[in-house]
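In our numbering, the protein residues as written are 1233 to 1400.
Heads up, the beta-carbon is just placed ideally off N, CA and C, and yes, glycines get one too.
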């Protein structure tokens, strides 16, 4: 009965976002045991923001989703999602609130997962540039790429000759 009452209360308060609570608690619990997930112990604020954004978004589209999780709650976002949309995010309209909730959700997910967006983007950009240099098109672009490659090889050759002369 304790689990059933806890689940009922959690669904009443947070709606369908209650399904995120066990996953978040599991992640925080594993953070205490494994060094790889230890950073999660300092990220509780981002978990709360993720949960709040999920509640707000679910409540925002509650009529469209038609989720009946708990007969007492009535809304997919629960009591908190309904209150957030009624008092704060309802002033933005559905599109504006969706943009705000999606932004909060993505930012909190980035911080929770420890994903490094900047280094990933820089690496992707460098790989993209290297692929464009490695596979030139036909015609003049191919000739320009070959000339650049020849110039690069000449520079490398000069550097290697200088290193040989200084070491020998």
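Length of the line joining the Cα atoms of residue i and residue j
i	j	result
residue 1402	residue 1389	Here the chain covers residues 1233 to 1400 and nothing more, so residue 1402 does not appear.
residue 1359	residue 1350	14 angstroms
residue 1276	residue 1239	21 angstroms
residue 1348	residue 1397	43 angstroms
residue 1354	residue 1339	19 angstroms
residue 1383	residue 1342	42 angstroms
residue 1323	residue 1374	56 angstroms
residue 1319	residue 1328	14 angstroms
Residues near residue i in its chain [Cβ-Cβ closer than 7 angstroms; skip 5 each side]
i	result
residue 1346	1271
residue 1279	1256 and 1344
residue 1207	In the structure as shown, the chain starts at 1233 and stops at 1400, and residue 1207 therefore has no counterpart that could be examined.
Reference residue i; option with closest CA among the options
i	options	result
residue 1406	1309, 1352, 1356 and 1353	Since the first residue of the chain shown is 1233 and the last is 1400, residue 1406 is not available in this structure.
residue 1307	1244, 1383, 1282 and 1376	1244
Residues near residue i in its chain [Cβ-Cβ closer than 8 angstroms; skip 5 each side]
i	result
residue 1291	1247, 1307, 1308, 1309, 1310, 1313, 1314, 1316 and 1317
Cβ-heavy atom distance, residue i to the ligand FMN, below 6 angstroms
i	result
residue 1273	This structure lacks the ligand FMN; in fact it carries no ligand of any kind.
(request) Determine contact between the region 1236–1256 and the region 1282–1301, defined as no fewer than three beta-carbon pairs at a distance below 8 angstroms. (result) Contact between the region 1236–1256 and the region 1282–1301 is present, because at least three Cβ pairs lie under 8 angstroms.
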